[in-house]
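Which chain is which? The protein sequence lines are V and G, in order.
For the first sequence, position 142 (counting from the first letter as 1) is numbered 142 according to this note's numbering, and the numbering increases by one without interruption.
For the second sequence, position 321 (counting from the first letter as 1) is numbered 321 according to this note's numbering, and the numbering increases by one without interruption.
The structure under discussion appears below in the form of structure tokens.
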Amino acid sequence: MNLSRKWLEEFVSVSADDKAFAEAMTLSGSKVELTHDLGEEISNVVVGRVVEMARHENSDHMWVCQIDVGREEPVQIVTGAWNVHVGDLVPVALHKSTLPGGKKIEKGKLRGVLSNGMLCGLSELGLDTRDFPYAVITPAAILGDYHPLDKEKPSIPNHIQPGHKIYGPVVAAKVTGLTAAGDAYDVTLDTGSGSASAATPCSNLHEGDLVAYNTKSNTICTLADLHAQQCEFPHCIDDGIFILHEDCKPGDDLKPVIGADDHVVEFEITPNRPDCLSVIGLAREAAATFGQPLRLHQPVVKAEGEGSLVDLLDVETPAADLVPRYTARMVRNVKIAPSPKWMRERLRSMGVRPINNIVDITNYVMLEYGQPMHAFDYRYVKGGKIIVRRAEEGEKLTTLDGKEHTLTANHLVIADEHRAVGLAGIMGGENSEIVADTADVVFESATFDGTCIRKGALALGMRTEASAKFEKGLDPMNTLPAVDRACELVELLGAGEVLPGTIDILNYVPQPKVLPLEPEKINGLLGTDISRDEMVDILQKLDFQVDGDAVTVPSWRGDVIGMADLAEEVARFHGYNNIPTTLMRGQTTLGGYSPEEQLERRLGGMCRAMGYDEIITYSFISPTCYDKIRWAADDSRRQSFKILNPLGEDTSIMRTTVLPSMLEILTRNYNYRNQNVRLYEVGRIYLPGGDDGLAVENKVLSMGAYGSDMDFYTLKGCVEAILKDLRAEHIRFEVPCVPNPSYHPGRVADVYVGDRRVGVLGQIHPLVAQNYGVDAQFYCAELDFGQLMHMDRSVPEYVPLPKFPAVTRDIAVVCDEAVTVGALEACIRKGAKGLLKEVTLFDIYRGKGVAEGKKSVAFNLVLRADDRSLTSEEADADVKSILDTLAADLGAVLR
Amino acid sequence: MKEQLEQIRREALAALESAQNAQELDALRVKYLGKKGALTAVLKQMGKLSAEERPAMGQLANEVRAALEQSLETQGKKLEAKALEDRLRAEALDVTVPGKGVKTGHRHPMYIALDEIKEIFIGMGFTVLDGPEVELAELNFDRLNAEEGHPSRDWSDTFYFDTDSRVMLRSQTSPMQVRAMDSMDLPIRIIAPGRVYRKDEVDATHSPMFHQVEGMVIDKGVTMADLKGTLNTVVEQLYGKGTKTRFRPHHFPFTEPSCEMDVQCHKCGGVGCPTCKGEGWIELLGAGMIHPNVLRMSGIDPDVYSGWAFGIGLERTAMRRFKIADLRLIFENDVRFLEQF
């Protein structure tokens, strides 16, 4: 919401500069986003009067002007514009001046002639003709500027003279005299055979110019009249200098003349305060903030139009629940015209483009009162009846923006007896738009159900300024003053005749809200010691009525429903920063991490200790990710929570596996040529089947790595280290019983702790890597957090240190390739007779000396008895038993 | 004989003095004190001496032996020390050669920021809660006083899983307030960090998934002054003692009064600069006194209990903490980025 400080000044006097104003308003609850000095970029630009003009001797289109800028001597300025005449008031950018867009003007020579600045057009001042409709330039076709499309065959002869016929009644004529007459000019012409005089709106004429004169209509031809293209008359354009028709004199600063002396404050208004989406609402806040009186104005409508509103207009609201209040007045014999400068300036400062007086009035009232208004052409209200009803299914309506909409019963329309003429609260219909010849206007000032408007606007994808206001729920008490204000402005602007009487349909019973004033409770909530008097004072400044202990809430404050809301009002103006700061009292509570969180921290710590960097990945993925990790089309794990309104396919389903997320990040790092990467994340997966239709959100420790220091056994070692750190008991790694399509079939293991499968680790399948566009070996592990949480974990208990020395023996056995080290180890433990304490693999050998299809596996054995020193014979007996078992069970023989 | 002994003493002591290493020293020991050594040879002649001479000579011989042994020991120690010194010198390393790398992993910067926040609150007796991200709209909105029609419920703002807008991705961590009230005994002091989701396209400051930390206190007699005091303490711990804060009125459906908390801009000290967009303050978090409706909906009597709550955006906190310029870096997970923290 933008606020013009000039407009604000009409309601409350605040002398603070923009910064102080912004700070104070922000701290009292109206957050200021920006302040903007409209004239900030304009400097050293003044009003000048053209006192003398001469054609530039070295140019066919420039003029050398002497301009009175209120100094002793006029300044000389060269301009290429043709719409300037002696006596005109013009904006003059003097030497060392600045213009919008950071443009700097300095003196200089134009084709050898000194120019001490620049005369400005509208666009150079950041304006356009909607801001100053009178500044529209209609160029005449000046024959001296004629550039034929085809030089061989000019449409107008080269050396045409006054009196020569151009076509039909059109002849060439020379301008012999020119006098301004309001927005037009009276021109005397030499028509060759005699003289003529004509009135013309064309402002680019000067004495001596040769023009095309239509003897029949007594007009000077424009390009359009000659059916000429712009390029044929390159200097006869609808652009030029902004000729000021304002009350000003040479030397005046231009900024106030064009309304650029205002400052605009941009507020962020929270949705609970639609009343602040208006000048009056913000003025009330400003008045309370700065302790200044609020000067509200009561609209006065003379209503001198002839006729009776009741005879002309009838309003019905069959959808009463959606139309709390509908107020309307009528204006006859409307004269559509531009609105006056002060109104255009105010609209513009608030970011609204001026259109015409009637439309501008509706916008003005919307800004001032916060009440959206709609004006529609009475002649299109067939039967003189307005019906506010739900749209019929499939009903069609073309809105003001020219778009056709197909409506449903959820839309509310303004209709006559036959058809819809507007989308209530959103946008008017094209079929009832105010146009140049509109004679009778109906002003509608209504409130509609916020949800209905919001949903309607959303369904049509057309959130308008009006709908944005209505959807927040507007004050029905505001419709009448607003429509009266509109009518008052109509009379003020002389834009039409207001009919006496008002149509006002109330479909609700106004019930002012009354709350008890409870100073102790308010102080209790805030932790303050604010006096009752101060509270009353604050509330009254905001137009709450306080009568004893009863507080009546103003109708526009629908957000205030209880003590806490009153407390906020008090706190805002007492000052949030004047509330003391205290530390919490009361019962002490024991803070801390949950067991889950502790596990998560421990896992993270272990991963980092082993060189893994933590990553954070999106929880949503693309459904195609399941294809990329080669899950079968009918894999039940593909059943994912699907977002119905995702940002895009890539983020449309909730992942049921962390693998694609890890692979994506590994790939990204690989593509960045980062070497030896190790990553981990404790991420969630989202499985269907939770309570209340929610997800089962399981956490997974996801590890991923690649590089020269990574292989299957390195990753396995990391997983083992983590499990050992957690004191997992009975850790096993097994070839998965169901093939895992995402991993290399020969380099993957399921991880078990006891009988609990806690996860999987291995090398990513080359085809999966290929799907990610990499040819590297990626290694990943996925450990189920819940399983880690609940697996068997030993509690450390002291075991006395050995008192007797151990005997170590190395054995190497030759066995079939198919026999796993795990099987050999198990067999060794089985064969031992109670003295074996440790078995450690130290070598696997294939090649010379070992038969094809066999391998030699070497273990280091540690044997020890707890109660005596072992003799060599005892150790040998144990080793023999082990070797016997290896040979018998696995055919592994001592090498 | 006396002459001989004196000569041995002179010679031997001189030789010992000039010995260069342990071997030489040992050779000298053998040469003079060994079984066939010079001194031994002289002593063997003792028998030939007269009874009168013998004691004096014996004494002298013992003196010479003692002197030699003494010298042997001193010299031995000296040479040992020298040998050690030589060895250590020979073993000296170029200590500027880089150490052999032990590569440790790095905590993600956002979680570093989160850990700091958690530690502070745990120290104040808060419990850390975790909850679902796929959440009921009832908990994310209705129970937080954001009724039907609240703009944040729009499909353009929030991700939904069903056409009834019943199940959604939580748009804030605030439903954890409701879950805490429903499941915990009073008084409550919790923080609940976690992922939240909003329909924002990815850019330098937006992401459809980001993180918040929710905090809530409910007890008898909890005041807005407590809220201010507690959050000020937190900010001082996060940003250093004496960090200035200010509280501004704001609006959230589930708190009343509501506020936003700003910290004074660290760059300009409050004068105004590009970092704080000229305001001198940087918005840090939203907070407020829990709305009586919210307490009531959770079966807590607002006439007996009161509470406050806050929500803080984690990405922004981490970005400010580590001067990270672009939010996308957080989720890109480039190790060259991660390993800076």
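Even glycine gets a Cβ: it sits at the ideal position worked out from N, Cα and C.
Item	Value
Own chain, CB closer than 8 angstroms to G853 of chain V, minus 5 neighbours either side, in chain order	D816, E817
Neighbourhood of Y772 of chain V by C-beta distance below 6 angstroms, restricted to the same chain and skipping five residues each side	L663, T667
Whole beta strand (DSSP E) elements within the region 708-780 of chain V, 3-residue minimum	731-734, 743-753, 756-764
Start and end residues, beta strand (DSSP E) containing A420 of chain V	420-423
Contact set for V301 of chain V: own chain, Cβ-Cβ below 6 angstroms, skip 5 residues either direction	D484, C487, E488, V498
Any chain G beta carbon closer than 8 angstroms to E306 of chain V	no
Straight-line gap, L506 of chain V to R325 of chain V (C-alpha atoms, nearest Å)	5 angstroms
Distance between beta carbons of L231 of chain G and F310 of chain G, contact taken as under 8 angstroms	6 angstroms
Start-end ranges of the beta strand (DSSP E) lying completely within the region 149-196 of chain G, minimum 3 residues	167-169
Local Cβ density within 10 Å of L590 of chain V, reported as buried at 16 or more and exposed below that	exposed
E40 of chain V at chain G interface by Cβ criterion, 8 angstroms	no
Identity of the residue in V:G847, V:Y146, V:V774 nearest Y670 of chain V by Cα	V:V774
Contact under 8 angstroms by Cβ, Y390 of chain V with A466 of chain V	A quick correction: the sequence has Arg, not Tyr, at residue 390 of chain V. No; because the gap between Cβ atoms is not below 8 angstroms, this pair is not in contact.
Residues sharing a beta bridge with D377 of chain V, DSSP	V:V441
Three-state secondary structure assigned by DSSP to H345 of chain G	Because chain G spans 1 through 341 in this model, residue 345 of chain G falls outside it and cannot be assessed.
Rounded separation between H251 of chain G and K403 of chain V - CA only	36 angstroms
F620 of chain V, buried or exposed, once every other Cβ within 10 Å from all chains shown has been counted against 16	buried
Straight-line Cα distance separating P208 of chain G from R608 of chain V	28 angstroms
Which of helix, strand or coil DSSP assigns to G847 of chain V	coil
Buried or exposed by the 16-neighbour rule on C-beta atoms within 10 Å, applied to Q75 of chain G	buried
T581 of chain V: contacting residues in chain G (beta-carbon distance under 8 angstroms)	A225, K228, G229, N232
Residues within the region 122-154 of chain G neighbouring chain V, beta-carbon criterion of under 8 angstroms	I122, G123, M124, G125, F126, T127, V128, L129, D130, P132, E133, V134, E135, L136, E148, G149, H150, P151, D154
Those residues which DSSP pairs with E404 of chain V across a bridge	V:T398
Contacts around T408 of chain V, its chain only, beta-carbon distance under 7 angstroms, and the 5 residues preceding and following it disregarded	A391, E393
Coil, strand or helix - L322 of chain V by DSSP	helix
Cβ neighbour criterion (16 or more within 10 Å) applied to E214 of chain G	buried
Chain V contact for K241 of chain G (CB, 8 angstroms cutoff)	no
C-alpha distance - V64 of chain G paired with Q45 of chain G, whole-angstrom precision	15 angstroms
Proximity test, Cβ basis, 8 angstroms: G266 of chain G and chain V	The question names Gly, but residue 266 of chain G in the sequence shown is His. It does not; no Cβ of chain V falls within 8 angstroms.
Listed by chain order, chain G residues near N577 of chain V by CB distance under 7 angstroms	R246, F247
Bridge partner(s) assigned by DSSP for V315 of chain V	V:I386
Cβ neighbour criterion (16 or more within 10 Å) applied to I882 of chain V	buried
Closer than 8 angstroms to chain V by CB, T96 of chain G	no
Contact the region 184-201 of chain G vs the region 156-171 of chain G: 3+ CB pairs below 8 angstroms	yes
Alpha-carbon to alpha-carbon, L144 of chain G and M610 of chain V	44 angstroms
Chain-order list of residues whose beta-carbon lies under 7 angstroms from that of T582 of chain V (same chain, five-residue window excluded)	G527
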